[in-house]
Structure formats: structure tokens, C-alpha cells
Amino acid sequence: MAALRQLGLAIFSAWAWGGGFAWMLVGATLTLLLRAIGFPYQRIHNWVTAPMFVHVVTFFAAARVRIHYHPEFDRTRRSVFTQNHINLLDGHLASAVIPHAFSGLMNAWQFHIPIYGWLMRLSKGIAVDKRRRDRLVEQLTQAARERKRIGMSILTFPEGHRTLDGKVHGYRRGVFIMARNAEMPVVPVAVRGFYEVNRKGSLVIHPWRRVDVFVGPQHDTAGLDDDGVAALASKLHTLTAHAVEYGEWPGSFDARHRSVG
Numbered sequence: 000m001a002a003l004r005q006l007g008l009a010i011f012s013a014w015a016w017g018g019g020f021a022w023m024l025v026g027a028t029l030t031l032l033l034r035a036i037g038f039p040y041q042r043i044h045n046w047v048t049a050p051m052f053v054h055v056v057t058f059f060a061a062a063r064v065r066i067h068y069h070p071e072f073d074r075t076r077r078s079v080f081t082q083n084h085i086n087l088l089d090g091h092l093a094s095a096v097i098p099h100a101f102s103g104l105m106n107a108w109q110f111h112i113p114i115y116g117w118l119m120r121l122s123k124g125i126a127v128d129k130r131r132r133d134r135l136v137e138q139l140t141q142a143a144r145e146r147k148r149i150g151m152s153i154l155t156f157p158e159g160h161r162t163l164d165g166k167v168h169g170y171r172r173g174v175f176i177m178a179r180n181a182e183m184p185v186v187p188v189a190v191r192g193f194y195e196v197n198r199k200g201s202l203v204i205h206p207w208r209r210v211d212v213f214v215g216p217q218h219d220t221a222g223l224d225d226d227g228v229a230a231l232a233s234k235l236h237t238l239t240a241h242a243v244e245y246g247e248w249p250g251s252f253d254a255r256h257r258s259v260g
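With the first letter of the sequence shown counted as 1, position 18 gets the number 17 in numbering that gives the first Met the number 0; the numbers rise by one all the way through.
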């Protein structure tokens with residue numbers, strides 16, 4: 000029975016990855032065509048990219064996603080979203096969470112991944128080149144200001160790497176400094192249950208798992224000094240770790256719920 004189950008998971012995983020990449024290739028083609036005839040990317044994101052990315056999670060990976068928005072979350076305000084990092088589908092899941100066009104902050108090597116990397120370039124993704132640490136904060140700040148100017152939010156993973164144990168690990172301050180310098184608020188996003196769908200080092204996709212996403216309110220960064228930035232990073236890490244561990248934010252509040260898929 001165990002061998003049969005493993006075989007079933009292998010077949011499903013091959014279908015999920017293969018189908019997901021083929022689906023993204025369709026999305027990349029549609030995006031290129033729409034860009035070629037003059038549609039702005041922000042609209043293409045809402046019409047094509049985001050729905051197709053969400054489909055990879057809810058259809059190909061067969062995850063049952065439920066999103067819990069804090070009542071003070073402002074859907075219209077462009078922000079820096081800080082999400083705990085679990086697997087290669089995190090950005091796809093975020094497309095169901097962030098209610099408008101956004102670009103991702105990611106390692107430069109990810110832009111070389113076939114199909115995915117092309118879409119990241121089309122979506123104005125921000126490359127983190129760790130070989131240029133002396134200018135990294137300045138470059139990220141300039142990129143964030145430009146995304147803010149054109150009405151886009153930014154998705155970040157402040158842990159800097161995917162978790163190996165399902166827990167939320169320490170946050171690096173760079174994305175918070177970037178947000179402060181660009182005068183953008185920060186929104187904590189806690190993802191619970193996605194580690195059971197897929198994890199780093201494995202290609203196995205476990206279908207029909209429940210995934211809960213908790214979206215907090217905006218936290219203003221303008222005017223914070225470096226100590227204030229460090230305190231905010233620590234606070235949002237604590238909030239996110241609590242939500243991932245216990246399935247709720249610390250304290251009680253009424254959240255707006257939305258099922259996806």
C-alpha cells in the first residue's frame with residue numbers, strides 16, 4: 000500500500016510540475032502578445048498572470064487555499080509584502096493574496112529559470128545580486144521607488160531562503176530598510192500548511208492539502224530610524240511565526256475570509 004501511494008504521488012507530482020510549467024508558458028505567450036499590442040503590464044497581471052499563477056497552486060497542485068484578511072488591511076494601498084518562504088510556489092500563492100499588480104524581490108539566478116524567469120522579467124521583478132552588496136540597498140531602494148511610482152506593490156521573503164523545517168526563521172532587515180527608504184508600508188503575510196504541499200529539496204507535490212494565508216494590516220515605515228526598522232522587522236517576524244504556528248494572529252480580531260480555487 001505504501002509503495003502504491005508513493006507511485007501515485009510520483010505520477011501526480013510529474014503531472015503537476017509538467018502541467019504547471021506548460022500553463023506558465025501559455026501565460027508567458029499571452030503576456031508577450033498583450034504587451035506587444037500596447038497593454039500595460041499592470042492590467043495584464045490582473046487579467047492573465049495572477050489568475051494563471053493561482054491556477055498552478057489550486058488546480059495543478061490541488062491545494063485548498065483560504066485567505067484571511069485583517070479588517071484594517073487596505074487593498075488599494077501599494078505596499079511591501081513580507082511572506083514566509085516555503086517552496087518554489089510561494090510567488091504563485093501570493094498572486095491569490097495581493098489584490099493588485101506586484102513585482103517580486105528575488106535572487107538574480109531565478110531570472111534564468113526557463114519560463115518562470117521570463118515571466119519575472121515581464122512582471123518587472125527586482126533582482127538581488129549579492130555580488131554587489133556595497134550598492135545593494137541603494138539599488139533596491141531605487142527599484143522600490145520606481146514600482147511605487149507606477150502603482151505596483153513588492154513581494155519579499157525576508158528570511159532570505161526557504162525553510163527546511165516548516166518554521167519561520169529570522170528576518171533580514173534589508174527589505175525593511177528598502178521599504179523605509181521608499182516610504183512604503185509593510186504588510187506581514189503568514190502562510191500555514193504550504194510546507195505540507197511541497198518543501199525545499201523535494202519535487203513531491205501532496206494534493207488536497209489545506210493552506211491558510213493570514214494577511215495583516217499595513218505597518219508604516221516612513222520616518223523610522225535604523226533601530227525602528229530593526230524593531231519593526233522583529234515585530235513582524237514574531238507575528239508571522241505565531242500565525243504559522245497557531246493558525247491565527249496574536250490576539251483576536253475578525254478577519255475577512257476568501258477561499259480560492
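Glycine included, each C-beta is placed from N, C-alpha and C at the ideal position.
Reduced DSSP category for residue i - H, G, I as helix; E, B as strand; rest coil
i, result
"THR140", "helix"
"PHE20", "helix"
"LEU154", "strand"
"SER94", "helix"
"VAL196", "coil"
"GLY165", "coil"
"ALA27", "helix"
"ARG4", "helix"
"ARG74", "coil"
"ILE10", "helix"
"ASP128", "coil"
"HIS218", "strand"
"ARG172", "coil"
Exposure label - residue i; buried when at least 16 CB within 10 Å
i, result
"ARG34", "exposed"
"PRO187", "buried"
"ASP211", "buried"
"ASP89", "buried"
"ASN106", "exposed"
"LYS123", "buried"
"ASN347", "Because residue 347 is not part of the residues shown, which for the chain are 0 to 260, the question remains open."
"VAL228", "buried"
"ILE149", "exposed"
"ALA49", "buried"
"ALA2", "exposed"
"HIS44", "buried"
"ARG134", "exposed"
"GLY19", "buried"
"MET0", "exposed"
"GLY261", "What the structure shows of the chain is the stretch from 0 to 260, and residue 261 is not part of that stretch, so it cannot be assessed."
Host beta strand (DSSP E) of residue i (start-end)
i, result
"MET119", "First-last for MET119: 115–121, but that is the alpha helix (DSSP H), not the beta strand (DSSP E)."
"TYR68", "63–68"
"GLN82", "79–82"
"ASN106", "101–106"
"PHE58", "Unbroken run through PHE58: none, as it is neither H nor E."
"PHE213", "209–214"
"PRO187", "185–191"
Terminal residues of the alpha helix (DSSP H) in which residue i lies
i, result
"HIS54", "49–54"
"ILE43", "40–43"
"VAL203", "Careful: VAL203 lies outside any alpha helix (DSSP H) and carries neither H nor E."
"ASP225", "225–245"
Alpha-carbon spacing of residue i relative to residue j, whole angstroms
i, j, result
"PHE156", "GLN82", "5 Å"
"GLU158", "GLY250", "24 Å"
"ALA100", "PHE11", "31 Å"
"THR220", "HIS54", "33 Å"
"VAL96", "ILE114", "22 Å"
"SER258", "LEU238", "22 Å"
"ILE36", "PHE59", "30 Å"
"ALA230", "ARG172", "10 Å"
"MET151", "ASP225", "25 Å"
"GLY168", "VAL243", "According to the sequence displayed, residue 168 carries His and not Gly. Each residue's Cα considered, the two are about 11 Å apart."
"LEU6", "THR75", "45 Å"
"LEU29", "MET119", "14 Å"
"LEU139", "SER102", "12 Å"
"ALA240", "SER78", "20 Å"
"LYS199", "GLY116", "19 Å"
"ARG179", "VAL25", "37 Å"
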